[in-house]
Amino acid sequence: MGAAEGLFGYLAEAVGTPYNVIPPAMFLGFSGGIAGWGTICGALAAPVCLISGVVADKKLREEMINELMAWYIHHPFPEYQPAGLNLPKVAVGSTLCHISVSKWVNAMDPPVTADSKEKKARCAGVSGDTAKKAVEILNAYADTGAFSATHKPDPIVASCMGCHKESAPPFTQGKENCMSCHGSGLINIDDCESHRDLL
Numbered sequence: 009m010g011a012a013e014g015l016f017g018y019l020a021e022a023v024g025t026p027y028n029v030i031p032p033a034m035f036l037g038f039s040g041g042i043a044g045w046g047t048i049c050g051a052l053a054a055p056v057c058l059i060s061g062v063v064a065d066k067k068l069r070e071e072m073i074n075e076l077m078a079w080y081i082h083h084p085f086p087e088y089q090p091a092g093l094n095l096p097k098v099a100v101g102s103t104l105c106h107i108s109v110s111k112w113v114n115a116m117d118p119p120v121t122a123d124s125k126e127k128k129a130r131c132a133g134v135s136g137d138t139a140k141k142a143v144e145i146l147n148a149y150a151d152t153g154a155f156s157a158t159h160k161p162d163p164i165v166a167s168c169m170g171c172h173k174e175s176a177p178p179f180t181q182g183k184e185n186c187m188s189c190h191g192s193g194l195i196n197i198d199d200c201e202s203h204r205d206l207l
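Following my numbering from start to finish, the sequence shown increments by one per residue and tops out at 207.
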């Protein structure tokens with residue numbers, strides 16, 4: 009249950025209501041990027057829900073969540089390594105589980121499979137690191153009454169969204185680094201046209 013147990017489980021014991029009626033098990037479905045679909049990293053789900061649940065001001069809440077998401081993209085995971093496997097720390101450039109795991113398992117020497125003990129330990133570390141960052145964000149605000157973001161979306165996002173948001177199809181939405189999927193030899197935009205009926 010990773011980050012959910014670390015956040016909501018702790019708050020249930022330390023604070024009680026309402027956290028003692030939020031079962032950390034409700035976040036199990038986020039494992040593997042939501043039941044193995046490889047979408048959003050499951051380590052982000054509980055921290056985002058906690059921030060959403062305790063920060064009433066919409067602008068502040070979104071700034072905190074943006075900070076967590078942008079931090080995730082740039083942080084070399086896993087910092088927290090309770091299994092003691094001396095795993096490589098890799099900044100993966102994406103909040104998507106598929107990209108995060110794929111880049112990390114292939115950074116191992118030799119590469120490991122996505123069901124390896126190393127990958128499982130890495131994801132446990134990612135959960136711990138992400139829960140810790142959420143607590144740091146919330147505690148800093150609680151201590152000072154102010155919040156200042158230090159992480160921002162990659163500058164390429166503004167460049168891409170400058171056209172694709174309002175004036176140039178295909179229209180899209182997002183703050184993720186577009187080039188994680190649409191560049192660097194992964195999935196080139198030029199290749200998309202030939203596969204359009206498959207999408």
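By construction, the Cβ of each residue, glycine as well, lies at the ideal position given by its N, Cα and C atoms. Since the model is a prediction, treat every value here as computed from it, not as a measurement.
For the 8 Å CB-CB criterion, Leu68 and Leu15 do not form a contact. Fully contained in the stretch 53-80 are the following alpha helix (DSSP H) runs of length 4 or more, in chain order: 53-62. Ile30 carries a coil assignment under DSSP once its states are collapsed to helix, strand and coil.
Cys171 counts as exposed, since fewer than 16 other C-beta atoms from the protein chains shown sit within 10 angstroms of its C-beta. As summarised for the stretch 98-135, there are no continuous beta strand (DSSP E) elements at least 3 residues long confined to that stretch. The residue among Lys125, Pro163 and Ala64 with its C-alpha nearest the C-alpha of Lys183 is Pro163. The residues Gly10, Ala11, Gly14, Gly50 and Ala51, in chain order, have a CB closer than 8 Å to that of Ser135 in the same chain once the five nearest residues on each side in sequence are set aside. DSSP places Pro177 outside any alpha helix (DSSP H), giving it a letter other than H or E.
Note that the C-beta distance between Ala148 and Glu75 is not below 8 Å. Scanning its chain for C-beta atoms nearer than 7 Å, with the 5 sequence neighbours on each side dropped, one finds around Thr103 the residues Ile48, Cys49, Leu52, Met77, Tyr80, Ile81 and Glu184, in chain order. Non-local C-beta neighbours of Ile73 in its own chain, meaning closer than 6 Å and more than five positions away in sequence, comprise Val56 and Ile59, ordered along the chain. A distance of 8 Å or more separates the beta carbons of Leu146 and Glu126. For the pair Ala43 and Gly17, the Cα-to-Cα distance works out to about 21 Å. Per DSSP, Glu184 lies in no alpha helix (DSSP H) and is assigned neither H nor E. Looking at the DSSP output, Ile48 sits in a beta bridge with Leu104. For the set Lys128, Pro84 and Lys66, the Cα lying nearest the Cα of Pro90 is the one of Lys128.
When the alpha-carbon of Lys111 is set against those of Arg130, Val98, Pro118 and Asp123, the nearest one is in Val98. Ranked by how close their Cα comes to the Cα of Asp65, the residues Phe155, Ile30 and Asn114 have Phe155 in first place.
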